[in-house]
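Visitor: Please see the structure below; I have some questions.
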Amino acid sequence: MSLVGTADALDLDCQHIPIIDFTHINNHDPTERKKLADQVRDACMRVGFFYVKNHGIPASLAEGALQKAKDFFALPADTKMEIENRKTPNFKGYSPFLSANNDPNGAGDLNEGFEFGWQAPATAGTIPQEMDVEGAMAGANVWPSEEDVPGFRETILSYYYSAMDFGRALFPIFALALNLPEDFFDDKTKHSAALMKFLHYPPQTGPIDERVLGIGAHTDWECFTILWQEPGIQALQVLNSEQKWINVPPIPGTFVINLGDQFARWTNDIFKSTVHRAINRSGVRRYSIPLFFGTDYNVLLEPMPTCVSPERPQKYEVITAGDYVKARFQATYNH
Ligand SMILES: O=C(O)CCC(=O)C(=O)O
Ligand SMILES: [Fe+2]
Numbered sequence: 001m002s003l004v005g006t007a008d009a010l011d012l013d014c015q016h017i018p019i020i021d022f023t024h025i026n027n028h029d030p031t032e033r034k035k036l037a038d039q040v041r042d043a044c045m046r047v048g049f050f051y052v053k054n055h056g057i058p059a060s061l062a063e064g065a066l067q068k069a070k071d072f073f074a075l076p077a078d079t080k081m082e083i084e085n086r087k088t089p090n091f092k093g094y095s096p097f098l099s100a101n102n103d104p105n106g107a108g109d110l111n112e113g114f115e116f117g118w119q120a121p122a123t124a125g126t127i128p129q130e131m132d133v134e135g136a137m138a139g140a141n142v143w144p145s146e147e148d149v150p151g152f153r154e155t156i157l158s159y160y161y162s163a164m165d166f167g168r169a170l171f172p173i174f175a176l177a178l179n180l181p182e183d184f185f186d187d188k189t190k191h192s193a194a195l196m197k198f199l200h201y202p203p204q205t206g207p208i209d210e211r212v213l214g215i216g217a218h219t220d221w222e223c224f225t226i227l228w229q230e231p232g233i234q235a236l237q238v239l240n241s242e243q244k245w246i247n248v249p250p251i252p253g254t255f256v257i258n259l260g261d262q263f264a265r266w267t268n269d270i271f272k273s274t275v276h277r278a279i280n281r282s283g284v285r286r287y288s289i290p291l292f293f294g295t296d297y298n299v300l301l302e303p304m305p306t307c308v309s310p311e312r313p314q315k316y317e318v319i320t321a322g323d324y325v326k327a328r329f330q331a332t333y334n335h
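According to the UniProt record's numbering, the sequence shown is numbered sequentially starting from 1.
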């Protein structure tokens, strides 16, 4: 059946998030790849969220990065504010509590964050190079000083590169899931615009003002997000088609993958960019690390021909990935 036909036939009242085993992600046997792509297609069309297991990202790298992020968040507010994201042209750096408002009906998100994007790995004797991004999202990363948080940049980038390798390997599977050649995204992800964010959510106790959550209801802006959640703490929820919030608890050894608006726009909403939020009622601090993986910023988000039909006309205006992401940043931080 065509993608459009399958999309029309789906029952979207999901109650749980599928878990997909990626042991065979680098196996080029067509039967194995099709099996994986079939599971990914089903999750992307019905839920927009899935867990991945056997992804190959060492847990120690995420844990090491998290420790450095905790050291950073423990710095005095003035020190963190020296690299506030509103001072950079591309929203890189530190975002203080309540500075973002992901839900336009909300009154600010109760988290603080640190965000950075691609820079090339250091080779022996060199410093990592910033990516030469042009256009709306141009601008370098900013980092806390080595004195303030020793080893921060190096430790965090080790985790980033490992998660990036996994993210790059996902694009061919998404292409197969869309009945496209595996290399469809290759020329659109040459300098993938991948932003990693460290988030710190203080516990919310007592009565909660529904307008101030850890992060208000929103969709992500890129193609997909690779999310590491702190083990043992439930906070993330997704909204299903019955408008019911479904918990997405951390499952040891897994990451959560959720689709974002760039994929929704490419696929004319055949792949779901699902609304989600996080509320930390655990009584202790919670940390999470999303990696927002998009196409190159200069790529036009045009609907794929297989995703448009007379009954399913094009839903979104065509815009570059960079202009789209920049507009979403501006709306979120300049509320
Ligand atoms: O902290 C989480 O679990 C979710 C974070 C999130 O949705 C985001 O940063 O876009
Ligand atoms: Fe999100």
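Note that beta-carbon positions come from the ideal geometry of N, C-alpha and C, so glycine has one too.
1) Quick one: residues in its chain with C-beta nearer than 6 Å to the C-beta of residue 234, no 5 flanking neighbours on either side, listed in chain order?
2) Look at the alpha carbon of residue 151 and the alpha carbon of residue 166, and state the distance between them as a whole number of angstroms.
3) State the DSSP-derived secondary structure class of residue 196, mapped to helix, strand or coil.
4) Using a 10 Å radius around the Cβ and a threshold of 16 neighbouring Cβ atoms, would you call residue 253 buried or exposed?
5) Please state whether DSSP places residue 8 in a helix, a strand or coil.
6) Could one say the Cβ of residue 196 lies closer than 9 Å to chain C's Cβ atoms, at least one of them?
7) Skipping 5 residues on each side, what residues in its chain have a beta carbon closer than 8 Å to that of residue 155?
8) If we call anything under 9 Å between Cβ atoms a contact, is residue 291 one with residue 194?
9) Taking the CB atoms as reference points, tell me whether residue 88 and residue 148 lie closer together than 9 Å.
10) CB of residue 215 to nearest heavy atom of ligand 2: below 8 Å?
11) At what residues does the alpha helix (DSSP H) containing residue 166 begin and finish?
12) Is the beta carbon of residue 216 less than 9 Å from the beta carbon of residue 105?
13) Can you name, in chain order, every residue of its own chain whose Cβ lies under 8 Å from the Cβ of residue 320, other than the five neighbours on each side?
14) Just checking residue 102 against ligand 1 - is the residue's beta carbon closer than 8 Å to any of the ligand's heavy atoms?
15) Express the C-alpha separation of residue 295 and residue 266 in angstroms, rounding to a whole number.
16) Go through the region 210 to 290 residue by residue and report every complete run of the beta strand (DSSP E) that reaches 3 residues or more, in order.
17) What does a CB cutoff of less than 6 Å around residue 107 pick up in its chain, not counting 5 residues either side in sequence?
18) Which runs of the alpha helix (DSSP H) spanning at least 4 residues fall entirely within the region 9 to 84, listed in chain order?
19) Taking the Cβ atom as the reference point for each residue, do residue 223 and residue 263 lie within a distance shorter than 9 Å?
20) Taking the continuous alpha helix (DSSP H) assigned at residue 324, which residues delimit it?
21) Looking at C-beta atoms only, is the number of pairs between the region 166 to 176 and the region 199 to 208 that lie closer than 8 Å three or more?
22) For residue 136, which of helix, strand or coil comes out of DSSP?
23) Report buried or exposed for residue 276, applying the criterion of at least 16 other Cβ atoms within 10 angstroms of its Cβ.
24) So what does DSSP say about residue 300, is it helix, strand or coil?
25) Could you check whether the Cβ of residue 191 sits closer than 8 Å to any heavy atom belonging to ligand 2?
26) According to the Cβ coordinates, are residue 201 and residue 288 closer than 9 Å?
27) Between which two residues does the beta strand (DSSP E) holding residue 309 run?
28) If you follow the beta strand (DSSP E) that residue 182 is in, where does it begin and where does it stop?
Guide: On the basis of the supplied data:
1) If you ignore the 5 residues before and after residue 234, its C-beta comes within less than 6 Å of the C-beta of 247, 249, all in its own chain and listed in chain order.
2) For the pair residue 151 and residue 166, the Cα-to-Cα distance works out to about 23 Å.
3) strand
4) exposed
5) helix
6) The question asks about chain C, but that chain is absent: this structure has only one protein chain.
7) 64, 65, 67, 68
8) yes
9) no
10) yes
11) 152 to 177
12) Yes, Cβ-Cβ distance for residue 216 and residue 105 is below 9 Å.
13) 135, 136, 297, 298, 299, 300, 301
14) yes
15) 11 Å
16) 215 to 218, 224 to 229, 236 to 239, 245 to 247, 255 to 259, 276 to 278
17) 211, 212.
18) Counting whole runs of 4 or more residues, the region 9 to 84 contains the alpha helix (DSSP H) stretches 30 to 46, 59 to 73, 77 to 81.
19) yes
20) 321 to 333
21) no
22) Three-state result, residue 136: helix.
23) buried
24) strand
25) no
26) yes
27) Premise fails: residue 309 is in no beta strand (DSSP E) and is neither H nor E.
28) Run containing residue 182: none; DSSP gives neither H nor E here.
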